[in-house]
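See below for the structure under consideration.
Residue numbers (the numbering used here): 484 to 623.
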């Protein structure tokens, strides 16, 4: 009498189905995770611009116009051209006695370079969402 031994384990088809499911889940999860990281890094631009706004108002309280240059005191705002975490390049694009415009642009080749929000901007009235600047949704 011959006994039939039943083999244990998974077939190649079953393994391929599992691998395909893992691939599909990864294709969905990885981009969502990357967008979450980009959104978290946007705080670097927003925090830098809000702090710069405070510096501008402090400067304007002691001078006849807003500062047009980032740099060391006493002649310029005490600020570097890079945001604290290093994801954005900061600049003052316009300044006068009554107005200013400052931007935070993603550093070329950096982790935020492909972000859909692009360049953040503020002026004397708050966030500037016109033109090519980041929209309201990016400020939230």
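Where a beta carbon is used, it is the ideal one built from N, C-alpha and C, also for glycine.
Asked: From residue 547 to residue 575, what distance separates their C-alpha atoms?; Found: 17 Å
Asked: I believe residue 578 touches residue 550 by the beta-carbon criterion, under 8 Å. Please report the beta-carbon distance rounded to the nearest angstrom.; Found: 6 Å
Asked: Count the other CB atoms within 10 Å of the CB of residue 529; is the residue buried (16 or more) or exposed (fewer)?; Found: buried
Asked: Identify every residue that forms a DSSP beta bridge with residue 605.; Found: 585, 610
Asked: Is it buried or exposed, residue 527, if we count other Cβ atoms within 10 angstroms and call 16 or more buried?; Found: buried
Asked: Cβ of residue 561 within 9 Å of Cβ of residue 536?; Found: no
Asked: In three-state DSSP terms, what is residue 546?; Found: coil
Asked: Spatial neighbours of residue 622 within its chain, please: CB distance less than 6 Å, with the 5 preceding and 5 following residues excluded, ordered by chain position.; Found: 610
Asked: For the candidate residues 524, 541, 559, 553, whose alpha-carbon lies nearest to that of residue 590?; Found: 524
Asked: Under three-state DSSP, which class holds residue 558?; Found: coil
Asked: Which runs of the beta strand (DSSP E) fall wholly inside the region 512-543 and span at least 3 residues, in chain order?; Found: none
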